[in-house]
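Residue numbers (the working numbering): 32 to 375. Every residue, glycine too, gets a C-beta built ideally from N, C-alpha and C. What you are looking at is a predicted structure, and each value in this text was computed from that prediction instead of being measured. Taking it in order: structure first as structure tokens, then the write-up.
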Ligand code: DOR
Ligand code: ZN
């Protein structure tokens, strides 16, 4: 008998979809699994206004295959010149659900990001008043800080001051990678949530170097030590409502990864819920997958949970070694490897 599990349809609370031709190649992967996704605004140029978000959303919707339903939840890219009125327009639009903070220079297309959090405090005060969550890429960019310590230092230098300076702002600490981040979330009242990616649950930093330098295992924040991975697995599978699913699936063409200065990002959207099922199954916590994947996120954002379901079955399948990506190729996470759970 095949073992199956049926869940409330999950959502992806952190996703990169890019733009243009590639939308047709990648949107269907997410739409097949998730009802909604928080769509990152780090396009070139970034999505900084509600009007841009609305137009981008329309382009995404055109790439949803007929017969599938998918609701992209949009975000604005916070810059030092984002006016407070833009937050009000975003709130009124009904389609923008959050604002994303990138430290300037921290990652892909983050040049327009913020150089000092205090410079955007006036806008954050408005967000706090309007109940608009701030999504943070939690790493310092100070080149003197070791790349593996950038998240822990961010907590001390930026996040703790922010949480105490604007006590009513809702914050999502995105793609957490360390036990320090887990501890902070556990110690903070309910207004601080965190997303956790499949790569940070399944791999530690050895994966970057196993058998030679592997650019497909490079993402930001970079993979960390095993002790941190274990802390993330414990948090994700604990049932604690402050931790929820966010893949940070971030496609880059194979040529942009397999090169002298490869881009950061792993593509997991084609097997996202399957990766999480693998993690939860390995620690005997399949009964908590639904809370993490389908309940905690909408509850944090104050949105209704989905009413339809998906079913996974325990049936080994091979992740494709390569996917289409416009005129290029895309190498997904765990390319060519076997996963134990399959989407029915
Ligand atoms: O690995 C990453 N890729 N981390 C990010 O923060 C951005 C993302 C991307 O857009 O490629
Ligand atoms: Zn991201």
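- For the pair residue 329 and residue 126, the Cα-to-Cα distance works out to about 15 Å.
- Sequence-distant partners of residue 345 (beyond 5 residues in either direction) whose C-beta falls short of 7 Å from its own C-beta, in its chain, are 33, 34, 371, 372.
- Here residue 107 is near residue 79, since their CB atoms are less than 8 Å apart.
- Your pair residue 109 and residue 131 checks out as a contact, with CB atoms roughly 6 Å apart and the cut at 8 Å.
- Residue 220 has its alpha-carbon roughly 36 Å from the corresponding atom of residue 50.
- When only Cα atoms are considered, residue 40 and residue 321 end up about 9 Å apart.
- Residue 239 is positioned such that its CB atom lies no closer than 8 Å to that of residue 215.
- Pairing residue 267 with residue 227 gives a Cβ-Cβ distance under 8 Å.
- Residue burial is scored here from C-beta neighbours: residue 209 has at least 16 other C-beta atoms within 10 angstroms and is therefore classed as buried.
- Residue pairing by DSSP leaves residue 152 without any beta bridge partner.
- Listed as beta-bridge partners of residue 134 by DSSP are 145.
- According to DSSP, residue pairing for residue 43 in a beta bridge involves 68.
- Between the region 253–271 and the region 331–344 there are fewer than three inter-stretch CB-CB distances shorter than 8 Å, so the stretches are not counted as touching.
- It is roughly 14 Å from the alpha-carbon of residue 335 to the alpha-carbon of residue 324.
- Counting only the Cα atoms, residue 112 lies some 42 Å from residue 311.
- In the DSSP assignment, the residues bridged to residue 360 are 355.
- In this structure, residue 137 sits away from residue 182, with a CB-CB distance that is not shorter than 8 Å.
- Spatial neighbours of residue 279 in its own chain (CB-CB distance under 6 Å, excluding positions within 5 residues in sequence) are listed in chain order as 45, 206, 228.
- Judged by their CB atoms, residue 81 and residue 141 are not nearer to each other than the 8 Å cut-off.
- Going by beta carbons, residue 152 and residue 118 fall outside the 8 Å limit.
- Rounded to the nearest whole angstrom, the C-alpha separation of residue 65 and residue 184 is 33 Å.
- Here the alpha carbons of residue 173 and residue 71 stand approximately 23 Å from one another.
- Residue 68 and residue 94 have their C-alpha atoms some 14 Å from each other.
- Sixteen is the threshold: when 16 or more other Cβ atoms of the shown chains lie within 10 Å of the Cβ of residue 230, as they do, the residue is buried.
- Comparing alpha carbon positions, the residue from 339, 222, 361 closest to residue 289 is 361.
- Rounded to whole angstroms, the gap between the alpha carbons of residue 237 and residue 256 is 8 Å.
- In this structure, residue 50 has its CB at a distance of at least 7 Å from all heavy atoms of ligand 2.
- Inter-residue distance for residue 293 and residue 180 is about 21 Å (C-alpha atoms, whole angstroms).
- Its chain contains 161, 163 as the residues whose beta carbon lies nearer than 7 Å to that of residue 122, once the 5 sequence neighbours on both sides are disregarded; these appear in chain order.
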